[in-house]
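In terms of full-length UniProt numbering, the sequence shown is residues 1 to 591. I have placed the structure first, in the form of structure tokens, so that the comments after it can refer back to it.
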Amino acid sequence: MKLWRSVVGKLWMTILLLVSFVLFFLTILQLQFFENYHAKEVEKELSDTAVKISKVISDHEDKQTGMQVAWDLVDEPVHLIIAENKERFHYSPDDDLSTVLEQSKVVNDPVLSQVFTENKKVQTELPIQGGSNSNRHENSIVIAVPLHMNDDENGAVIIYQSLEVIKETSEQTTRLILLAAGIAIVLTTIFAFFLSTRITAPLRKMREAATEVAKGKFDTKVPILTSDEIGALATSFNQMAKQLNYNIHALNQEKEQLASILSSMADGVITFNRDGTILITNPPAERFLQSWYYEMGNDHQNETMPTLLAELLKKAIETETEQIGELSLKDRSYVVIVSPLYNDKSVRGVVAVVRDMSEERRLDKLRKDFIANVSHELRTPIAMLQGYSEAIVDDIAGTEEEKKEIAKIIHEESLRMGRLVNELLDLARMEAGHINLELEEIELSSFIKRVANKFQGLAKDKQIELKLNIPDEDTYIDIDSDRIEQVLTNLIDNAIRHTQENGFVEVKLERKADGYEVHVQDSGVGISEEDLPFVFERFYKGDKARTRGQAGTGLGLSIAKNIITAHQGSIKVQSQLGEGTTFTFYLPRKK
């Protein structure tokens with residue numbers, strides 16, 4: 001059944017049916033032609049024989065001799081009857097009884113009376129064996145030719161032959177024609193199958209190639225076997241596959257490019273369908289959605305979206321304009337920009353850009369805090385400068401000692417303001433990346449001892465034990481000694497100022513695989529866990545219990561961190577409230 005539904009089967013059956021139809025009608029026509037041809041040949045032969053016999057009998061003076069010659073001129077299956085008149089007939093002496101009975105039917109036929117009355121040739125077919133004349137092979141061809149026996153009466157030469165003798169010839173002819181037709185059908189079948197297979201073979205190749213192309217193998221080619229229409233079709237198919245491969249490759253490149261752009265974007269991008277279904281997201285957008293679902297406690301993440309996004313999506317589709325909103329999740333702030341996507345003239349969805357504004361908000365807060373802190377730090381010395389200078393101007397200080405005391409306070413406050421301004425400038429330069437390090441090779445152990453020994457007097461005054469845990473081995477390293485001294489001074493000074501009496505401060509140096517670690521540990525009041533993440537920020541100061549009214553700008557640790565970072569090192573702090581604090585910074589050795 002599969003063969004008949006194929007092009008090969010259809011083409012094969014079409015050619016076979018067409019040839020069979022033509023051969024059928026040709027066979028019918030040929031059989032009819034040969035049957036008529038044989039009958040006409042018999043008629044002609046009988047007619048010529050009858051005329052010859054009539055002439056022979058007429059030319060002989062002895063009629064008996066003429067008839068004898070006439071009997072010799074005919075052979076089976078031809079039969080001869082010589083009529084002298086309407087009443088007297090002569091039959092062949094060799095005819096048997098059945099033949100004589102047939103001959104009597106012939107001579108009694110009304111049609112033959114015309115030869116006597118009209119004296120002309122008569123030709124007809126008679127069913128002399130009984131039955132009707134529907135079957136021609138059961139009839140006989142009868143020909144009667146006038147015969148002049150004497151002057152008084154006219155006779156006739158009646159000759160007939162059964163058409164049954166041509167039946168065998170017709171049957172043999174039919175067998176030959178049918179054999180030829182059968183051979184023709186077989187050859188046609190073979191030829192049609194070969195031709196259809198030949199025609200459809202390239203089509204099958206193209207079908208296989210089309211299947212491969214449908215599977216994504218766009219480099220598939222169809223072999224070009226001919227230069228006809230099928231060959232042209234194969235060429236067009238190869239060109240189509242090549243162009244399709246090029247287009248798909250271009251689309252894949254564009255898709256990969258867009259995917260790379262989306263993946264590398266710092267902003268989140270989410271594409272929604274009209275019904276709110278999420279189509280495309282990039283990693284920042286996925287992190288945003290995960291944060292939302294986590295905060296909402298939603299286990300079915302694909303069924304909901306942030307409320308703000310849903311509202312902006314609805315407005316963008318209804319108004320076909322860009323919508324902007326702001327959303328807060330935990331400690332982070334996001335700005336959402338929703339723009340409609342068009343399909344021809346209708347809105348098919350929206351694209352949402354989620355921008356994390358947390359850093360901008362944090363920097364803005366830092367800016368405000370910086371202004372507030374600087375204003376706060378400058379307000380006190382400025383107020384003191386203003387007050388004491390007014391005391392001098394108004395001659396409130398009567399004695400020289402009072403004036404010197406006031407001048408000393410003004411000087412100290414101006415120095416404090418100068419330190420604050422210088423530290424701010426240093427910090428600004430460091431954070432802008434404009435710090436210049438003057439590196440030199442120094443022996444780190446003796447360097448740390450020298451810096452730490454400067455605080456022995458201060459520690460002794462506050463009844464604090466300043467301990468040094470420095471190895472005696474040589475520890476050479478390339479650093480900016482002034483900057484590292486600034487870091488050590490800040491850390492040791494902070495440790496002494498925030499340590500109670502009878503406490504201790506320890507400075508320790510440790511060698512590491514590729515550098516050195518310096519630890520400054522104290523037994524002071526410590527730093528609360530909530531304050532630890534902010535100790536290296538500008539203007540950070542601990543709580544009142546820690547500061548105990550001690551003066552300070554809050555910039556020292558921030559400057560220290562920038563100096564250590566410039567040396568490609570790191571700094572960290574460990575502390576527990578009431579148990580002390582340990583600052584550790586790491587300095588790498590150059591390889």
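Glycine included, C-beta positions come from ideal geometry on N, C-alpha and C.
What is the DSSP secondary structure of serine 523, reduced to helix, strand or coil? Walking along the sequence shown from the start, residue 523 turns up at place 523. Correct three-state label for serine 523: coil.
Phenylalanine 455 and residue 621 - do their beta-carbons sit closer together than 9 Å? Outside the displayed span of the chain (1 to 591) sits residue 621, for which this structure offers no information.
Report the rounded CA-to-CA distance for phenylalanine 89 versus methionine 67, giving the unit in angstroms. Position 89 of the sequence shown holds residue 89. Position 67 of the sequence shown holds residue 67. When only Cα atoms are considered, phenylalanine 89 and methionine 67 end up about 12 Å apart.
Please report how far the alpha carbon of lysine 572 lies from the alpha carbon of phenylalanine 585, in whole angstroms. Residue numbering aside, residue 572 sits at position 572 when the sequence shown is read from its first letter. Residue numbering aside, residue 585 sits at position 585 when the sequence shown is read from its first letter. Taking the straight line from one Cα to the other gives about 6 Å.
Rounded Cβ spacing between leucine 439 and aspartate 480 (contact assumed at less than 8 Å): Here the question's residue 439 lines up with position 439 in the sequence shown. Here the question's residue 480 lines up with position 480 in the sequence shown. Rounded to whole angstroms, the Cβ separation of leucine 439 and aspartate 480 is 6 Å, and the two are in contact under 8 Å.
Rounded separation between tyrosine 476 and glycine 457 - CA only: Walking along the sequence shown from the start, residue 476 turns up at place 476. Walking along the sequence shown from the start, residue 457 turns up at place 457. Distance between tyrosine 476 and glycine 457, taken at the CA atoms: about 28 Å.
Where the alpha helix (DSSP H) containing aspartate 75 begins and where it ends: The residue given as residue 75 occupies position 75 in the sequence shown. No alpha helix (DSSP H) holds aspartate 75; DSSP gives it neither H nor E.
Should phenylalanine 33 be labelled buried (16 or more other beta-carbon atoms within 10 Å of its own) or exposed? The sequence position of residue 33 within the sequence shown is 33, counting from 1. Classification for phenylalanine 33: exposed.
Using 8 Å for Cβ pairs, my map puts isoleucine 143 next to serine 47. What's the rounded Cβ distance? The residue labelled residue 143 in the question sits at position 143 within the sequence shown. The residue labelled residue 47 in the question sits at position 47 within the sequence shown. Taking the Cβ atoms as the reference, isoleucine 143 lies roughly 5 Å from serine 47, within the contact range of under 8 Å.
Please classify asparagine 273: does DSSP put it in a helix, a strand, or coil? Position 273 of the sequence shown, counted from the start, is the residue given in the question as residue 273. Strand at asparagine 273.
C-alpha distance - leucine 195 paired with leucine 244, whole-angstrom precision: As a working mapping, residue 195 is identified with position 195 in the sequence shown. As a working mapping, residue 244 is identified with position 244 in the sequence shown. Taking the straight line joining both Cα atoms gives about 32 Å.
So what does DSSP say about glutamine 301, is it helix, strand or coil? What you label residue 301 is simply residue 301 of the sequence shown in a count that begins at 1. Per-residue confidence for glutamine 301 stands at a pLDDT of 48, beneath the threshold of 50, marking its modelled position as unreliable; no derived number is given.
Name, in chain order, the residues that DSSP records as bridge partners for isoleucine 442. The residue labelled residue 442 in the question sits at position 442 within the sequence shown. Isoleucine 442 pairs with Ile477.
Throw me the rounded Cβ distance for the asparagine 453 and alanine 560 pair, which I believe falls under 8 Å. Numbered from its first residue, the sequence shown carries residue 453 at position 453. Numbered from its first residue, the sequence shown carries residue 560 at position 560. Incorrect: roughly 20 Å between the Cβ atoms, too far for contact.
Can you look up serine 358 in the DSSP assignment and give me helix, strand or coil? Locating residue 358 in the sequence shown gives position 358, where the first residue counts as 1. Helix.
Locate the beta strand (DSSP E) running through histidine 90, then write down its first and last residues. Residue mapping note: residue 90 aligns to position 90 of the sequence shown, counting from 1. From DSSP, the beta strand (DSSP E) with histidine 90 extends over 89 to 91.
Run the CB neighbour count on glutamine 550, radius 10 Å, all protein chains shown included, and call it buried at 16 or more, exposed below. Counting from one through the sequence shown, the residue named residue 550 turns up at place 550. Bear in mind that the predicted position of glutamine 550 carries a pLDDT of just 48, short of 50, making it unreliable; the figure below should be weighed with that in mind. The residue in question, glutamine 550, is exposed, as its Cβ has fewer than 16 Cβ neighbours within 10 Å.
By Cβ distance below 7 Å, which residues in the same chain neighbour valine 51 in space, the five residues on each side in sequence not counted? Working through the sequence shown from its first residue, we reach residue 51 at position 51. Only residues of its own chain outside the window of five on either side were considered, and among them Val145 have a CB closer than 7 Å to the CB of valine 51, listed in chain order.
Among Thr281, Pro284, Ser445, Thr277, nearest to alanine 310 - alpha-carbon criterion: Within the sequence shown, residue 310 is the residue found at index 310, counting from 1. Closest in C-alpha terms to alanine 310, from the list Thr281, Pro284, Ser445, Thr277, comes Thr277.
How long is the line joining the alpha carbons of glycine 580 and aspartate 267, rounded to whole angstroms? The residue given as residue 580 occupies position 580 in the sequence shown. The residue given as residue 267 occupies position 267 in the sequence shown. Going by the C-alpha atoms only, they are around 43 Å apart.
Beta-carbon gap between tyrosine 342 and methionine 357 smaller than 9 Å: The residue you call residue 342 lines up with position 342 of the sequence shown. The residue you call residue 357 lines up with position 357 of the sequence shown. Against a cut-off of 9 Å, the Cβ pair of methionine 357 and tyrosine 342 comes out as no contact.
With a threshold of 7 Å on Cβ separation, who are the neighbours of alanine 285 within its own chain once the five nearest residues in sequence on each side are excluded? As a first step, residue 285 must be located in the sequence shown, where it is residue number 285. Excluding sequence positions up to five before and after alanine 285, its CB lies within less than 7 Å of the CB of Gly268, Val269, Ile270, Val354, all in the same chain and listed in chain order.
Return the chain-ordered list of same chain residues with a C-beta closer than 7 Å to the C-beta of aspartate 299, the five sequence neighbours on each side being excluded. The residue given as residue 299 occupies position 299 in the sequence shown. With a pLDDT of 49 at aspartate 299, under the threshold of 50, the modelled position of that residue is not reliable, and the figure given next carries that caveat. So no residue of the chain qualifies.
Sheet register partners of alanine 156 (DSSP bridge): Mapped onto the sequence shown, residue 156 falls at position 156. DSSP lists Ala83, Pro146 as the beta-bridge partner residues of alanine 156.
Can you say whether tyrosine 294 is buried or exposed, counting buried as having 16 or more other CB atoms within 10 angstroms of its CB? Within the sequence shown, the letter at position 294 stands for residue 294. Exposed, by the Cβ-count rule.
Compare the beta carbon distance of leucine 23 and isoleucine 185 with 9 Å and say whether it is the shorter of the two. Numbered from 1 along the sequence shown, position 23 holds the residue referred to as residue 23. Numbered from 1 along the sequence shown, position 185 holds the residue referred to as residue 185. Yes, Cβ-Cβ distance for leucine 23 and isoleucine 185 is below 9 Å.
Bridge partners - glutamate 506, DSSP secondary structure assignment: Taking the sequence shown and counting its residues from 1, one reaches residue 506 at position 506. Partner(s): Lys467, Gln521.
Would you check if the segment 496 to 509 and the segment 458 to 472 touch, i.e. whether three or more CB-CB distances between them fall below 8 Å? Three or more beta-carbon pairs drawn from the segment 458 to 472 and the segment 496 to 509 are found closer than 8 Å, and the two stretches are therefore classed as touching.
Considering only C-alpha positions, which residue in the set Arg511, Gln576, Arg348 is nearest to leucine 532? Position 532 of the sequence shown, counted from the start, is the residue given in the question as residue 532. Considering only alpha carbons, the answer is Gln576.
Given that a residue counts as buried once 16 or more other Cβ atoms are within 10 Å of its Cβ, and exposed if not, what is arginine 546? Here residue 546 refers to the residue found at position 546 of the sequence shown. Annotation note: pLDDT 42 at arginine 546 (below 50); position unreliable, coordinate value reported separately. Buried, since its Cβ has 16 or more Cβ neighbours within 10 Å.
Close beta carbons around tryptophan 12, own chain, < 6 Å, minus the five adjacent residues each side: Translated into positions along the sequence shown, residue 12 becomes position 12. Counting only Cβ-Cβ distances below 6 Å, and skipping sequence neighbours, we find Ala192, Phe193, Ser196.
For threonine 582, which of helix, strand or coil comes out of DSSP? Taking the sequence shown and counting its residues from 1, the one referred to as residue 582 is at position 582. Note: threonine 582 maps to strand in three-state DSSP.
Simplified DSSP assignment, three categories, for proline 533: Translated into positions along the sequence shown, residue 533 becomes position 533. If DSSP states are grouped into helix, strand and coil, proline 533 belongs with the helices.
Looking at the structure shown, is lysine 449 part of a helix, part of a strand, or coil, going by DSSP? For this step, residue 449 is matched to residue 449 along the sequence shown. Helix at lysine 449.
Can you look up valine 573 in the DSSP assignment and give me helix, strand or coil? Taking the first residue of the sequence shown as position 1, residue 573 is located at position 573. Reduced to three states, the DSSP call for valine 573 is strand.
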